[in-house]
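Taking the numbering used here, I'd label the letters of the sequence shown as residues 6 to 701. Everything below concerns the one structure shown next.
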Amino acid sequence: MIQSQDRAAVTGPGFFIISPQTSKSLTRHRNHLNLGHKKRLRASVFVEKKKISFREVIEKMSSSKTLRKLEVVSPVPADIDIANSVEPLHISKIADELNLSSDHYDPYGKYKAKVLLSVIDELKGSKDGYYVVVGGITPTPLGEGKSTTTVGLCQALGAYLDKKVMTCLRQPSQGPTFGIKGGAAGGGYSQVIPMDEFNLHMTGDIHAITAANNLLAAAIDTRMFHESSQSDKALLNRICPPNKEGKRTFADIMLRRLNKLGISKSNPGDLTPQEIKKLVRLDIDPESITWRRVMDVNDRFLRKITVGQGPEEKGMTRETGFDIAVASEIMAVLALTTSLSDMRERLGKMVIGNSKAGDPITADDLGVGGALTVLMKDAINPTLMQTLEGTPVLVHAGPFANIAHGNSSIVADKIALKLVGPGGFVVTEAGFGADIGTEKFMNIKCRYSGLTPQCAVIVATIRALKMHGGGPEVVAGKPLDRAYLTENVALVEAGCVNLARHITNTKAYGVNVVVAVNMFSTDTEAEMTVVRNAAMAAGAFDAVVCTHHAHGGKGAVELGIAVQKACENVTQPMKFLYPLEFSIKEKIEAIAKSYGASGVKYSEQAKKQIEMYNKQGFSGLPICMAKTQYSFSDVASQKGAPTGFELPIRDVKASIGAGFIYPLVGTMSTMPGLPTRPCFFDIDVDTTTGRVLGLS
């Protein structure tokens with residue numbers, strides 16, 4: 006491989022110097038660069054010339070009509086300024102490059118389009134490309150550039166290595182966009198554009214989820230209200246009103262509940278009083294309700310609220326709260342569904358609480374499953390966009406990894422794998438550190454999709470490794486301590502224990518692991534050498550230093566070559582961390598062990614919930630831990646690779662429609678709060694041009 010010490014030295018926006026070692030390495034790996042007639046770089050060019058025009062390289066390396074040549078400048082401008090400096094191609098041109106006809110997508114303006122699920126059916130017999138997941142080490146609050154690396158890698162594969170490639174990303178939540186972390190379009194010269202459309206409303210999928218979630222919440226409280234004030238007969242008469250001919254009939258969704266109850270009658274008039282009672286009275290236990298309202302804004306004051314205080318609600322108050330929209334089970338359903346019919350079934354099966362007799366109550370029991378599907382029918386189609394360098398991107402679903410399963414959708418990945426075909430690459434991102442995002446990708450997403458990744462990338466930064474080695478606290482909005490801006494090999498070396506554990510855990514799934522060191526201008530060669538040595542010692546397939554933030558795809562070419570080799574040299578079958586036959590506790594404990602925990606401590610509430618889910622027949626589902634992203638443990642301040650701790654499980658809930666049990670670890674909240682100085686301070690609009698300012 007082209008190792009970090011042999012990297013081409015960048016000398017300016019258009020030129021680089023090739024060392025003799027790199028020349029030999031490029032010659033050896035010419036086949037990996039896939040250089041053909043009129044796209045081939047003669048090895049002699051590298052040997053005989055010390056300085057060549059990189060523009061010539063671009064012109065010879067790809068025949069794609071959509072790939073763009075970036076003119077990078079230093080220092081790197083603000084993300085929004087870079088994004089605004091590049092005019093996106095009309096989305097039809099991106100679609101054409103993928104051989105998608107106008108029947109395969111619905112345009113949403115000039116630069117976005119919804120790709121229809123019919124593409125999967127039409128390409129059913131086609132072979133898939135390589136499947137790559139990008140995770141990371143345990144991050145600082147600033148993020149370590151996982152989305153940036155995902156985009157940069159794809160730009161390298163598509164624009165420089167002449168591979169068919171698609172990037173699959175999650176839709177960003179407006180919570181972090183206006184809160185602490187900012188957007189998720191990537192950064193620098195590795196971004197999805199238009200960046201403002203990507204980070205804000207996009208095609209309205211999160212708004213659809215919010216509407217569907219809150220419709221179900223309203224249905225719950227309304228049903229309890231009406232059941233409390235009406236007789237069984239009155240309820241039946243209102244639920245089954247007479248038609249124009251005066252005949253009462255069951256709505257189709259009511260037949261689902263009748264079937265669940267074991268009642269085979271199709272005429273409301275034939276029901277016995279006992280059967281009427283079973284049908285019309287859900288008898289929801291208010292204390293058991295787990296369904297909460299959502300909104301896509303960080304608002305700590307909505308974490309706990311009281312509803313029903315109006316005079317018309319007749320004193321039917323109860324405590325509930327709001328979650329952030331991306332934590333909704335409907336978001337998880339969207340991400341894990343495989344078809345429209347599958348989504349309809351999953352939405353209908355969502356459990357909102359129990360009856361007073363202990364039976365689970367579903368969305369279909371409330372009669373709302375079909376309506377939820379109608380609200381979500383357009384959201385099921387992934388959104389096609391593009392990178393700065395013209396490579397295609399599918400954006401779909403946006404669950405957080407710390408409070409949900411943290412991955413983009415199965416349908417987006419399936420479409421992408423068919424479109425790139427054999428030898429092509431689909432690169433998808435898993436949220437936060439590999440302990441939560443990649444773990445859930447493997448044990449939840451891959452179980453339901455049936456897809457097998459060949460390579461996992463772990464993104465690391467010198468900054469985060471220094472933090473894990475005992476460096477000062479990193480706080481969003483505050484200047485970094487000098488320790489992070491000057492060479493400190495000892496701190497980096499000490500922090501590599503965090504990287505090593507992520508490599509060990511990820512390798513256990515049977516994939517080859519490539520470490521991508523996202524280089525900052527203050528990082529030194531000595532520090533990067535320490536990281537590479539530690540990564541290789543921990544079992545990584547390769548470790549590569551990347552400069553894609555500063556140079557776009559050009560800065561991730563070595564990463565692209567490493568990923569290609571990793572995909573081509575898989576020797577093990579994929580393995581899961583635990584079998585589904587394990588009990589709920591055994592599965593939780595298997596995950597806790599991967600964190601370094603010596604055991605698990607369950608609260609009484611958690612024990613009660615686990616016992617209830619066992620009785621209800623839900624013990625065979627995978628586990629989705631809701632845990633801090635800032636540590637392997639439940640305590641965010643415990644950096645590095647802690648061991649010997651007990652993992653506290655505060656509560657256990659179930660997303661039956663999505664298909665997992667989710668334990669809440671420690672004090673994890675499902676509604677984030679805003680910091681003292683949120684990102685929205687910097688966001689505005691140029692009223693002359695209409696351009697968005699200050700997004701990051």
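Beta carbons: idealized from backbone N, C-alpha and C, even for Gly.
DSSP-derived helix/strand/coil call for residue i
i: C173; result: strand
i: R261; result: helix
i: N523; result: strand
i: Y635; result: coil
i: R537; result: helix
i: D418; result: helix
i: L669; result: strand
i: P273; result: helix
i: C245; result: coil
i: N619; result: helix
i: L433; result: According to the sequence provided, residue 433 is Thr. The question's Leu does not apply to it. Here T433 sits in strand by DSSP.
i: I463; result: strand
i: F21; result: Below a pLDDT of 50, predicted positions are generally treated as unreliable, and F21, at 34, falls in that range; the measurement from the model is reported next regardless. F21: strand per DSSP, three-state reduction.
i: A548; result: strand
i: V50; result: Caution is warranted here: a pLDDT of 30 is assigned to V50, below 50, making its placement in the model unreliable, and no coordinate value can be reported.
i: T692; result: coil
i: L698; result: strand
i: N104; result: coil
i: N89; result: helix
i: V124; result: helix
i: A659; result: strand
i: V518; result: strand
i: N448; result: helix
Integer Cβ distance of residue i from residue j, believed to fall under 8 Å
i: R682; j: L669; result: Actually they do not touch by this definition, with Cβ atoms about 29 Å apart.
i: G426; j: G130; result: Actually they do not touch by this definition, with Cβ atoms about 12 Å apart.
i: G649; j: S599; result: About 14 Å separates the two Cβ atoms, so there is no contact after all.
i: Q196; j: D84; result: 6 Å
i: I329; j: P677; result: 6 Å
i: E77; j: L220; result: It should be noted that the sequence gives Val, not Glu, for residue 77. In fact, because the Cβ distance is near 47 Å, the residues do not count as touching under 8 Å.
i: K606; j: P680; result: With a Cβ gap of about 31 Å, K606 and P680 do not count as contacting.
i: A646; j: T154; result: Not confirmed; about 22 Å, so no contact.
i: A659; j: F623; result: 6 Å
i: I99; j: Q391; result: 5 Å
Residues that residue i bridges to, as DSSP identifies them
i: S603; result: S603 is not bridged to any residue.
i: L399; result: C173 and L389
i: Q577; result: The partner list for Q577 (beta bridge, DSSP) is empty, contrary to what the question assumes.
i: K119; result: D111 and T388
i: A513; result: Answer is none; A513 lacks a bridge partner.
i: P683; result: The partner list for P683 (beta bridge, DSSP) is empty, contrary to what the question assumes.
i: P653; result: K606
i: I628; result: I666
i: R253; result: P247
i: N407; result: Partner(s): none; N407 has no beta bridge.
Any non-hydrogen atom of the ligand GTP closer than 7 Å to residue i Cβ
i: E232; result: As far as ligands go, the structure on display features none, and thus does not contain the ligand GTP.
Report task. With a floor of 3 residues, list each beta strand (DSSP E) that falls wholly inside the stretch 341 to 373, ordered by position along the chain. Result -> The DSSP assignment places 356 to 359 and 365 to 367 as complete runs of the beta strand (DSSP E) inside the stretch 341 to 373, in order along the chain (cut-off: 3 residues).
Query raised in the report: Hey, which unbroken runs of the alpha helix (DSSP H) at 4 residues or more fall wholly within the stretch 132 to 166?
Result: If we require 4 residues or more, the alpha helix (DSSP H) runs fully inside the stretch 132 to 166 come out as 151 to 160.
**Report entry** Every unbroken beta strand (DSSP E) within the stretch 281 to 346, with a cutoff of 3 residues, ordered by chain
**Finding:** Inside the stretch 281 to 346, DSSP marks whole beta strand (DSSP E) runs of 3 or more residues at positions 298 to 300, 310 to 312, 323 to 325 and 327 to 329, from first to last along the chain.
Query raised in the report: Does the stretch 506 to 520 come close enough to the stretch 436 to 453 that 3 or more CB-CB pairs lie under 8 Å?
Result: At 8 Å Cβ cutoff, the stretches touch.
Query raised in the report: Where in the stretch 168 to 232 do unbroken runs of the beta strand (DSSP E), each at least 3 residues long, occur, reported from the N-terminal end onward?
Result: DSSP runs (the beta strand (DSSP E)) wholly in the stretch 168 to 232: 170 to 174 and 195 to 198.
Query raised in the report: Taking contact to mean at least 3 C-beta pairs separated by less than 8 Å, is the stretch 557 to 564 in contact with the stretch 582 to 594?
Result: Segments in contact, no.
Query raised in the report: Do the stretch 168 to 178 and the stretch 390 to 405 touch if we need at least three Cβ pairs shorter than 8 Å?
Result: With a cut-off of 8 Å, the stretch 390 to 405 and the stretch 168 to 178 count as touching, because enough Cβ pairs lie within range.
**Report entry** Within the stretch 479 to 507, ranges of the alpha helix (DSSP H) (whole runs, at least 4 residues)
**Finding:** Listed in chain order, nothing qualifies, since the stretch 479 to 507 has no complete alpha helix (DSSP H) run of 4 or more residues.
Query raised in the report: Is it true that the stretch 263 to 280 meets the stretch 330 to 345, where meeting means three or more beta-carbon pairs spaced less than 8 Å apart?
Result: Judged by Cβ distances under 8 Å, the stretch 263 to 280 makes no contact with the stretch 330 to 345, as fewer than three pairs qualify.
Report task. Please determine if the stretch 350 to 357 and the stretch 201 to 212 are in contact, where contact requires at least 3 C-beta pairs separated by less than 8 Å. Result -> With the rule of 3 Cβ pairs closer than 8 Å, the stretch 350 to 357 does not count as touching the stretch 201 to 212.
Report task. Assess, as a yes-or-no matter, whether the stretch 405 to 416 is touched by the stretch 446 to 453 under the definition of 3 or more beta carbon pairs within less than 8 Å. Result -> Segments in contact, yes.
Report task. Decide if the stretch 375 to 388 is in contact with the stretch 413 to 421; the criterion is three or more beta carbon pairs, one per stretch, under 8 Å apart. Result -> These segments touch.
Query - Given 8 Å, three or more beta-carbon pairs between the stretch 162 to 173 and the stretch 461 to 477 - result: Touching, no.
**Report entry** Three or more C-beta pairs below 8 Å linking the stretch 478 to 498 and the stretch 512 to 523
**Finding:** Between the stretch 478 to 498 and the stretch 512 to 523 there are fewer than three C-beta pairs closer than 8 Å, too few to call the two in contact.
Requested in this report: Please confirm if the stretch 283 to 296 is in contact with the stretch 139 to 150, defined as three or more CB-CB distances below 8 Å between the two stretches.
Outcome: The answer is no - the stretch 139 to 150 does not touch the stretch 283 to 296, with fewer than three Cβ pairs under 8 Å.
Query raised in the report: Is it true that the stretch 216 to 235 meets the stretch 320 to 334, where meeting means three or more beta-carbon pairs spaced less than 8 Å apart?
Result: Touching, per the Cβ criterion.
Query raised in the report: Between the stretch 85 to 94 and the stretch 692 to 700, do three or more beta carbon pairs fall short of 8 Å?
Result: Touching, yes.
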